[in-house]
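Numbering (full-length UniProt numbering), first residue to last: 1 to 364.
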Amino acid sequence: MFLSGIAPCLLYKVNVLFYIYVVLFIISACEAKVQLPNNVFFKAVFAFGDSIVDQGNNNNITTLLKCNFQPYGKDFMGGMPTGRFSNGKTPADLIAEELGIKEFVSAYLDPNLKSEDIKTGVSFASGGCGYDPQTATIGAAIPLSTQLTQFKEYIVKLKGLVGEEEANYILKNSLFLVVAGSDDLANTYFTYGVRLKQDINSYTDLMVAEASKFLKELYKLGARKCCIFGIPPIGYLPSQRTLAGGINRVCVQEYNEAAQLANTKFSITFDSLSKKLPQSRLVLVDIYNPLLDLILNPQKYGFEEVEKGCCGTGKIEVTLLCNKFSGTCEDDTKYIFWDSYHPTEKAYRTIVDQIINKIINSFL
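Laid out in structure tokens, this is it:
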């Protein structure tokens with residue numbers, strides 16, 4: 001009688017303790033890994049642009065630029081290929097994690113998108129997209145103009161969930177990541193020659209004009225804190241070494257100079273634009289030099305291979321060419337690049353660790 005009476009009580013206490021443990025675990029998992037100043041906070045993270053922050057949107061469109069198959073995602077949640085163009089997390093995931101918002105940023109087109117994902121931000125990015133509208137056409141990707149249309153749809157859904165006032169508050173206090181430009185230069189301009197009637201100076205002017213137009217539209221929709229990634233040293237990408245680096249696959253310096261030219265123009269233009277848009281901050285984040293330092297000084301960061309990706313031969317494989325029959329390296333933590341175009345999670349994490357405080361301090 002006594003034992004039968006105390007058993008439910010003990011069971012209740014155990015259940016309560018377990019519930020408290022789970023809640024505390026979730027809270028601790030979502031705490032910011034960096035110390036945020038009292039006057040800086042972010043309610044959500046949104047991503048626009050190309051494959052660097054495509055969380056799986058291309059899974060749901062008709063394009064060859066997909067990676068929702070092995071070995072992509074080899075180190076993501078036990079080996080799950082989600083459509084991220086890497087072996088693991090992307091910069092969008094890592095930044096959201098560092099800011100204590102959530103561990104993963106979902107793709108807007110994910111058919112299993114949850115209400116909580118909508119409240120804390122999603123990615124609209126599409127592998128193969130660029131500032132130049134022609135870039136998305138070449139890769140059958142979702143252009144930035146359509147990503148904006150999808151963002152408008154998203155806002156309607158957000159207002160339906162939390163109301164207009166709260167939705168506007170979330171947008172005003174969210175971080176907007178914009179990552180594009182590499183495909184414009186590496187693919188549209190240099191590889192496919194679609195814009196070769198223009199010299200590199202006029203083509204980068206076109207890129208800057210399109211980027212500015214996109215950011216203005218994003219501002220009109222409520223974005224106030226925008227973090228734009230600069231273009232990396234694309235001449236060091238394994239695929240570009242193979243395609244344009246000659247028999248010895250040397251770095252293509254012309255490509256790097258084009259990236260630097262574009263970045264210089266981005267910096268001047270975005271700084272000017274930020275001053276013209278009330279209560280906005282457009283921050284150009286230097287990706288060029290952090291990645292270059294990884295490539296030139298790999299041992300400093302625990303890397304060994306800088307000229308090849310981990311997938312297949314590492315010289316040309318990307319998307320469909322990087323598949324379960326390609327094979328992978330034994331230890332991807334020693335590689336800067338996962339395939340011939342995209343970095344590994346370790347490389348992304350190393351770069352994010354270097355830039356996250358600059359991002360935060362930019363919004364003080």
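Note that beta-carbon positions come from the ideal geometry of N, C-alpha and C, so glycine has one too.
By the 10 Å Cβ neighbour count, where 16 or more other Cβ atoms means buried, how is E165 classified, buried or exposed?
-> That one is exposed.
Which ranges does the beta strand (DSSP E) cover as unbroken runs of at least 3 residues, wholly within the stretch 269 to 323, from first to last along the chain?
-> With a minimum length of 3 residues, the continuous beta strand (DSSP E) runs that stay inside the stretch 269 to 323 are 281 to 285 and 305 to 309.
Drop a sphere of 10 angstroms on the beta-carbon of N256, count the other beta-carbons inside from all chains shown, and report buried for 16 or more, exposed for fewer.
-> It is buried - the Cβ of N256 has at least 16 other Cβ atoms within 10 Å.
When burial is assigned at 16 or more other CB atoms within 10 Å of the CB, is S115 buried or exposed?
-> Exposed: under 16 other Cβ atoms inside 10 Å.
Can you tell me which of the three DSSP states S123 falls into?
-> Three-state DSSP puts S123 in a strand.
Using beta-carbon positions only, say whether G121 and L196 come within less than 9 Å of one another.
-> Cβ atoms of G121 and L196: not closer than 9 Å.
Go ahead and pull the three-state DSSP assignment for V208.
-> Helix, per DSSP.
Distance, S272 Cα to C129 Cα = Separation of C129 and S272 (C-alpha to C-alpha, rounded to the nearest whole angstrom) is 25 Å.
Verify whether the separation of the beta carbon atoms of G88 and K74 is less than 9 Å.
-> For G88 and K74, yes; Cβs fall inside 9 Å.
Quick one: any contact between the stretch 197 to 216 and the stretch 129 to 139, if contact means 3 or more CB pairs under 8 Å?
-> The answer is yes - the stretch 129 to 139 touches the stretch 197 to 216, with three or more Cβ pairs under 8 Å.
Give me the Cα-Cα distance between A223 and L294, rounded to the nearest whole angstrom.
-> C-alpha separation (whole angstroms): 32 Å.
Return yes when the C-beta of I95 is under 8 Å from any heavy atom of the ligand ZN, and no when it is not.
-> This structure lacks the ligand ZN, and indeed carries no ligand of any kind.
Would you grab the beta carbon distance between F85 and S51 for me? Rounded to a whole angstrom, and I think it's under 8 Å.
-> Yes, they are in contact, since the Cβ atoms of F85 and S51 sit about 4 Å apart, within 8 Å.
Residue range of the alpha helix (DSSP H) that includes F190 | No alpha helix (DSSP H) holds F190; DSSP gives it neither H nor E.
For V250, is the classification buried or exposed, using 16 other Cβ atoms within 10 angstroms of its Cβ as the cut-off for buried?
-> V250 is exposed by the Cβ-count criterion.
In this structure, does DSSP put R349 in helix, strand or coil?
-> In the structure shown, R349 adopts helical secondary structure according to DSSP, grouped into three states.
What residue from I200, F363, H342 and L171 has the CA that sits closest to D184's CA?
-> Of the candidates I200, F363, H342 and L171, the one whose C-alpha sits nearest the C-alpha of D184 is I200.
Residues sharing a beta bridge with I228, DSSP = According to DSSP, which records beta bridges pairwise, I228 is partnered with V178 and L284.
Check whether the Cβ atoms of A44 and K152 sit closer than 9 Å, and answer yes or no.
-> In terms of Cβ geometry, A44 and K152 do not form a close pair [threshold 9 Å].
Close Cβ partners of K358 (< 6 Å) along its chain, the five nearest in sequence each way excluded = Same-chain partners within the cutoff: there are none.
In its own chain, which residues sit with a C-beta less than 6 Å from the C-beta of E217, not counting the 5 before and 5 after it?
-> Excluding positions up to five away in sequence, the list reads L148.
Out of A141, E305, S145 and T264, point me to the one whose CA is closest to T62's CA.
-> When C-alpha distances from T62 are compared across A141, E305, S145 and T264, the shortest belongs to A141.
Just the C-alpha distance for I170 and K220, rounded to the nearest angstrom, thanks.
-> Whole-angstrom Cα-Cα distance: 15 Å.
In the DSSP assignment, what are the bridge partners of residue 371?
-> There is simply no residue 371 to check, as the chain begins at 1 and stops at 364 in what is shown.
Taking just the CA atoms, how far does G246 sit from Y154?
-> Their Cα atoms are separated by approximately 46 Å.
Does the Cβ-Cβ distance between L109 and G181 come in under 9 Å?
-> Cβ distance not < 9 Å, so L109 and G181 don't count as in contact.
Return the CA-CA distance between F41 and L99, expressed in angstroms with no decimal places.
-> Going from the Cα of F41 to the Cα of L99 covers about 8 Å.
Is DSSP giving T146 helix, strand or coil here?
-> Reduced to three states, the DSSP call for T146 is helix.
Y335 - DSSP class collapsed to helix/strand/coil | In the structure shown, Y335 sits in a strand (DSSP, three-state: E or B).
Counting only the same chain and skipping the five closest in sequence on each side, list residues whose C-beta sits under 6 Å from that of S326.
-> Cβ-Cβ distances below 6 Å link S326 to C311, G312 and E317 in the same chain, with the five nearest sequence neighbours on each side left out; the list follows chain order.
In the stretch 230 to 271, which residue ranges form an unbroken beta strand (DSSP E) of at least 3 residues, counting only runs that do not cross its ends?
-> Counting whole runs of 3 or more residues, the stretch 230 to 271 contains no beta strand (DSSP E) stretch at all.
Quick one: residues in its chain with C-beta nearer than 6 Å to the C-beta of D332, no 5 flanking neighbours on either side, listed in chain order?
-> The residues are N87, C310 and T344.
Assigned exposure category for G193 - 16 Cβ within 10 Å defines buried = Exposed, since its Cβ has fewer than 16 Cβ neighbours within 10 Å.
What's the call for V156, buried or exposed, on a 16-neighbour Cβ count within 10 Å?
-> Looking at its Cβ environment, which holds fewer than 16 other Cβ atoms inside 10 Å, V156 is exposed.
Given a threshold of 16 other Cβ atoms within 10 Å of its Cβ, counted over all protein chains shown, does K308 qualify as buried or as exposed?
-> Classification for K308: buried.
Does the Cβ-Cβ distance between S340 and K300 come in under 9 Å?
-> No, the pair does not count as a contact, with Cβ atoms beyond the cut-off.
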